[in-house]
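Reading through the structure tokens given below for one structure.
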Amino acid sequence: MNRDRMALYLRKAGIILAAVLGSLALFLWHNYKSMDIKPLLKQYNFWGSRVCFGKGYGTHLIVVQLESFQNFLIHTSIQGQPLTPVINKLSAESLYFPHIFQQIGRGNTSDAEFISNTSIYPVGAVAMSKKYGDREFPSLARLMRQRGYVANTFHVNDVSFWDRNQMYPALGFDTFYDRRYFPHMKFSRFGASDEDLYRVGINKLKTLDKRQKNFYAQFVTASSHSPFTIPKNSKRLKLNETLKGGPLREYLTAVNYADYALGTFIDKLKETGLWDKSVLVVYGDHFGLNKKKFDAKKLSEALGIPYHKQISTFNVPLMIHLPGQLHGKIIKQTGGQVDILPTVANIMGIDLKAEAFTAFGQDLLNVDHNVVGMRYYLPTGSFFNNEVLFIPGEKGFADGTATSIRTLQRVEDIAPYKSDYDDIIQRMKSSDRYVKQLPIRRKEIEGPDIDE
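Quick note: the sequence shown uses full-length UniProt numbering, first residue 1, plus one each step.
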């Protein structure tokens with residue numbers, strides 16, 4: 001009897017110790033050192049019915065990580081032109097999470113990949129791919145592979161950039177496609193265009209689908225990467241000089257192109273029949289407008305929208321389109337990149353508690369209160385919850401500040417947030433301990449043959 005069926009049997013028999021036994025099995029399997037993860041196990045909705053559980057069961061899973069993509073772009077127009085017409089439409093037909101915040105450390109884009117694939121906090125001061133690239137991480141790729149999926153990842157840069165040649169094996173991907181598979185394609189210093197990324201990727205996905213192989217495919221885009229310079233013939237946004245600030249114009253033009261390229265991918269998914277048998281996840285990796293270089297007040301005036309130097313900067317989009325979904329829903333629950341794996345797992349019909357999977361995030365479709373921590377770009381102990389962004393001061397909580405994530409106004413009474421502060425400090429410590437105890441990886445993966 002496999003572990004899924006055993007867990008189901010135990011639940012039906014009313015043996016509450018199933019979760020504890022599953023957790024014990026996980027630590028024996030990996031030979032981990034002893035640590036207390038009971039607070040994490042409590043967060044899973046194990047016994048009740050769950051929203052959207054299994055809605056994507058048996059379908060393909062496609063995840064697109066958009067480079068330097070902030071949430072303010074969605075439904076914003078400049079000089080009569082929508083910045084993200086494709087994503088505007090996608091958000092209206094998907095589960096759209098407008099209150100998601102980046103949680104990356106120094107690894108930036110690679111840290112975003114790491115967090116979304118593991119539901120583990122980055123250590124902050126060093127890229128996870130560099131510090132822990134030799135480990136074997138419980139991950140989304142491994143969960144999907146256990147269910148017969150092929151797990152591939154696509155990126156137009158060289159795989160050695162951000163030590164992805166170490167990180168992808170650590171995350172359990174079967175195959176990576178990097179710069180080698182985009183020969184003679186030059187869009188920016190990072191390599192081929194997003195259009196080329198999707199074009200090469202869709203051909204690989206069609207082949208897998210024809211072989212009746214389910215796949216988990218990750219696409220990491222690069223066309224909207226800083227310094228946001230794209231070829232003239234790829235610029236679709238026409239902005240006049242009334243929009244002050246060359247760097248801002250370049251950023252908006254680059255993300256507008258990235259939105260267009262995503263549209264070409266969606267069109268191909270529909271054309272090939274993959275659209276209706278895939279779950280599509282789209283999210284932003286991190287800010288594009290660095291708060292040290294762009295003044296929030298000037299940005300607000302230029303864009304014609306409220307803009308906060310921290311909340312707006314760190315707010316990234318997340319949307320999940322379900323197979324056959326026609327009408328969207330806005331999910332107002334606050335979350336972070338650490339919550340992507342638990343949320344996607346629920347949709348794909350994976351019971352993380354039955355799996356005894358240690359996740360430091362939560363399923364955003366089945367939680368009423370959430371706290372997500374951030375460090376490196378903010379002091380350790382900073383967090384977002386359903387109400388505020390809290391940033392500790394020199395004395396920690398006592399002289400910290402809170403700002404409403406809805407009104408962007410200062411909140412004077414911080415006392416109600418002490419328990420969330422204590423929780424996130426402990427959660428980050430637990431995450432750090434957990435990573436250190438993970439086993440050293442034994443086997444590498446390689447990219448496929450060019451002729452494949």
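In this text, a Cβ means the ideal position worked out from N, Cα and C, and glycines have one as well.
Sequence-distant residues of the same chain with beta carbon closer than 7 angstroms to Gly381, five excluded per side: Pro392, Gly396, Tyr421, Ile424, Ile425
Based on the DSSP output, what are the partners of His321 in its beta bridges? Leu280
Starting from Asn152, trace the beta strand (DSSP E) both ways and give me its first and last residue. 150-155
What's the call for Pro317, buried or exposed, on a 16-neighbour Cβ count within 10 Å? buried
Would you tell me roughly how many angstroms separate the C-alpha atoms of Arg442 and Arg135, rounded to the nearest one? 9 angstroms
Residue closest to Pro416, alpha-carbon to alpha-carbon, out of Thr401, Phe173, Val64, Lys353: Thr401
Nearer than 7 angstroms: is that true of the beta carbon of Gly246 relative to any heavy atom of the ligand NAD? The model depicted lacks the ligand NAD and carries no ligand whatsoever.
Give the range of the beta strand (DSSP E) segment to which Gly396 is assigned. 396-404
Burial state of Gly103, where buried means 16 or more other Cβ atoms lie within 10 Å: Residue 103 is actually Gln in this sequence, not Gly. When all chains shown are included, Gln103 counts as buried.
Which listed residue (Tyr121, Ser139, Thr109, Leu140) has its alpha carbon closest to that of Val159: Thr109
What ranges does the beta strand (DSSP E) occupy inside the stretch 123-173, keeping only unbroken runs of at least 3 residues that lie completely in it? 150-155
By the 10 Å Cβ neighbour count, where 16 or more other Cβ atoms means buried, how is Pro342 classified, buried or exposed? buried
Could you check which residue in Ala112, Leu208, Lys332, Ile414 has the C-alpha nearest to that of Leu365? Lys332
Given a cut-off of 8 angstroms on the beta-carbon distance, is the pair Lys268 and Ile330 in contact? no
Just confirm the distance between the C-beta atoms of Phe72 and Asn315, as a whole number of angstroms; I'd bet it's less than 8 angstroms. 7 angstroms
If you reduce the DSSP assignment to three classes, tell me which class Gly383 lands in. It is worth fixing the name first, because residue 383 is Phe in this sequence and not Gly. Residue state, collapsed to three classes: strand.
Cutoff 6 angstroms; reference Thr253; Cβ partners in own chain excluding five residues on either side: Lys235, Leu237
Contact under 8 angstroms by Cβ, Asn99 with Thr403: Reading off the sequence, residue 99 comes out as His, not Asn. No, Cβ-Cβ distance for His99 and Thr403 is not below 8 angstroms.
Return yes when the Cβ of Ala127 is within less than 8 angstroms of the Cβ of Asp194, no when it is not. no
Assuming Leu438 contacts Val279 under a Cβ cut-off of 8 angstroms, what Cβ separation, rounded to an integer in Å, is found between them? That belief does not hold up - the Cβ atoms of Leu438 and Val279 are roughly 27 angstroms apart, past 8 angstroms.
Rounded separation between Lys418 and Gly288 - CA only: 31 angstroms
When the Cα of Val51 is compared with those of Asp368, Lys270, Leu274, which residue comes out closest? Asp368
Inter-stretch contact at 8 angstroms, needing at least 3 Cβ pairs: the stretch 143-153 / the stretch 212-229: yes
Cross-strand partners of Thr175 (DSSP beta bridge): Asn152
By alpha-carbon positions, which one of Trp275, Lys204, Val255, Lys206 ends up nearest to residue 462? Any answer about residue 462 is impossible in this case: the structure gives the chain only from 1 up to 452.
Tell me the residue span of the alpha helix (DSSP H) that contains Val338. Careful: Val338 lies outside any alpha helix (DSSP H) and carries neither H nor E.
Can you say whether Ser68 is buried or exposed, counting buried as having 16 or more other CB atoms within 10 angstroms of its CB? buried
Trp47 classed as buried or exposed, judged by whether at least 16 other C-beta atoms fall within 10 angstroms: For Trp47, the predicted model reports a pLDDT of 45, less than 50, meaning its position is unreliable; a value from the coordinates is still stated below. Exposed, since its Cβ has fewer than 16 Cβ neighbours within 10 Å.
Can you name, in chain order, every residue of its own chain whose Cβ lies under 7 angstroms from the Cβ of Thr264, other than the five neighbours on each side? Glu195, Tyr198
When you compare only the Cα positions, how much space is there between Val435 and Met428? 11 angstroms
In the DSSP assignment, what residue or residues form a beta bridge with Leu61? Tyr216, Val279
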